[in-house]
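A quick write-up on the structure given underneath.
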Amino acid sequence: MDTLKVSAAEFQRNIGRYQDLALRRPVAVTRNRRESTVPISREDYERLKRRDRQVLGLEDFTDADIAALEASRSPAEAHAYDREIKD
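So the numbering used here is basically just the index in the sequence shown, starting at one, shifted up by 6.
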């Protein structure tokens with residue numbers, strides 16, 4: 007489904023209309039002709055928040071977890087990006 011682009015001024019004038027539309031299709035609010043925000047439903051927001059990454063410290067891992075990480079190897083196709091981390 008195509009994204010409906012609407013200026014910030016138009017969005018502000020008809021916020022209720024665009025809030026309702028955003029529940030059914032993507033709506034991008036633009037400023038200076040550039041997309042700046044996308045209103046989403048509360049359900050989508052909650053779903054995205056659940057997918058946030060958790061940052062763990064070494065103390066959060068068991069010895070078995072650490073051993074498994076140390077024994078792991080990247081897939082062969084990942085070596086194509088090695089040049090990006092070399093000086």
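Just so you know, even glycine gets a beta-carbon here, dropped at the ideal spot from N, CA and C. Fair warning: this is a prediction, and the values are worked out from it, not measured in the lab.
Host alpha helix (DSSP H) of residue i (start-end)
i	result
Glu76	Asp69 to Ala77
Arg53	Arg48 to Arg56
Arg19	Ala14 to Arg19
For residue i, the first and last residue of its enclosing beta strand (DSSP E)
i	result
Glu41	Arg40 to Thr43
Ala34	Val33 to Arg37
Contacting residues, own chain, Cβ-Cβ under 6 Å from residue i (five flanking each side not counted)
i	result
Ser13	Thr36
Glu41	Ala34
Inter-residue Cα distance where the pair is residue i and residue j
i	j	result
Ala15	Arg56	32 Å
Val44	Thr9	10 Å
Arg31	Leu54	17 Å
Ala28	Arg39	19 Å
Pro81	Arg59	22 Å
Leu75	Lys92	22 Å
* Asked: Is it a yes or a no for the segment 32-50 touching the segment 70-84, going by three-plus beta-carbon pairs under 8 Å?
  -> Contact fails: fewer than three Cβ-Cβ distances are below 8 Å.
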